[in-house]
Amino acid sequence: MQLAGKRAIVTGSNSGIGLGIARELARAGAELVVNSFTDSEEDHALAAEIAHETGARVRYIAADMSKPEDCRALIEQAGGCDILVNNAGIQHVAKIEEFPGEKWDAILAINLSSAFHTTAAALPGMYAAGWGRVVNIASAHGLTASPYKSAYVAAKHGIVGLTKVTALEAAGKGVTCNAICPGYVLTPIVEKQIPDQMKTHNMDRETVIREVMLSRQPSGEFATVEQMGGTAVFLCSEAAAQITGTTISVDGGWTAL
Ligand code: NAD
């Protein structure tokens, strides 16, 4: 198995893209740590389900990615990692003048600062092992902007910058760092935006999906969590050992426009 003997931590992996990536890494043979802040029965059951499906060793560790000490404790409690996927993220949509300050702080903390803290905690172990992969889940919004998403776009551009710095510092040590930039993927974070968009544009669900969301995506199709997982597994492969400090868009052509 391609990733046998490697331990992977995926932040925010009880749902959506993080869960899709966690499943593909476990399928590729990695030992897996599933994370969220909820610590519910469902979270523990999900870890057991992935272990059953894939035959991988899977643990669930609760940690709140809005808290720096939790970010660092996650890496420590896991016993370090060979593969770190910084995926946890939230969204809020409002005009800058009306954007609540606490939402700005929460988005910057969860979508950007958490990756700094987990990476800082994970790198020493990766350097000692002479092998490591840091995969940051940015967004098409790490490369382009949309109105009303100030905090999200700022955090995602920030994580692309952090990706480059991490790659430069890790270069020559067997450790790479790259960012995956998804376009629209139909996960809970996107589902939650549909009712608001229906109201704002006075459109039905299908029209919002087609004309508001996927109008940015030339393929006219959502990307899938399995495609994000496959891209992450590729970035962990030997073929990707010299790919570092870059972004990989999985966005149906959005950023080619
Ligand atoms: P999602 O809402 O399904 O998943 C978000 C994950 O983050 C969940 O597992 C949740 O438990 C976790 N999370 C949220 N706050 C947390 C906290 N304080 N501590 C720990 N975990 C926390 O959404 P998703 O679409 O799967 O998003 C995952 C990532 O992909 C995010 O970084 C998002 O910005 C990015 N992304 C998503 C899309 C898309 O279209 N869905 C596009 C581009 C980028």
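All residue numbers for the sequence shown refer to my numbering, where the first residue is 585 and numbers rise by one. By construction, the Cβ of each residue, glycine as well, lies at the ideal position given by its N, Cα and C atoms.
- Looking at the DSSP output, Gly716 sits in a beta bridge with Val759.
- Between Asn720 and Ala699, the C-beta spacing is below 7 Å.
- Around the CB of Leu841, fewer than 16 other CB atoms lie within 10 Å, so the residue is classed as exposed.
- Per DSSP, Leu841 is not a residue of any beta strand (DSSP E), being assigned neither H nor E.
- When only Cα atoms are considered, Gly804 and Gly836 end up about 7 Å apart.
- Looking from the CA of Lys783, the closest CA among Pro772, Val796, His741 and Ala823 belongs to Val796.
- Around the beta carbon of Pro708, a 10 Å sphere encloses fewer than 16 other beta carbons of the protein chains shown; the residue is thus reported as exposed.
- Following the DSSP letters along the chain, one finds Leu616 inside the beta strand (DSSP E) bounded by residues Glu615 to Ser620.
- Runs of the alpha helix (DSSP H) spanning 4 or more residues and lying entirely within the segment 758-823 occur at 772-775, 777-785 and 809-819, in chain order.
- Counting only residues of its own chain and dropping the five nearest sequence neighbours on each side, Val617 has a CB closer than 6 Å to the CB of Ile593, Arg643, Ile645 and Ala662.
- Under the three-state reduction of DSSP, Ser833 is assigned to strand.
- For Val769, the distance from the CB to the nearest heavy atom of ligand 1 is below 6 Å.
- With a cut-off of 8 Å on Cβ pairs, the segment 805-818 is in contact with the segment 599-609, counting three or more such pairs.
- Here the segment 617-636 does not lie against the segment 738-747, with fewer than 3 beta-carbon pairs under 8 Å apart.
- One Cα belongs to Phe818, the other to Arg591, and the distance between them is close to 16 Å.
- Taking the C-beta atoms as reference points, Gly767 is found nearer than 7 Å to Ala724.
- Contact annotation: the segment 819-836 does not touch the segment 773-788, with fewer than three C-beta pairs closer than 8 Å.
- With 16 or more other Cβ atoms from the protein chains shown falling within 10 Å of its own Cβ, Asp648 counts as buried.
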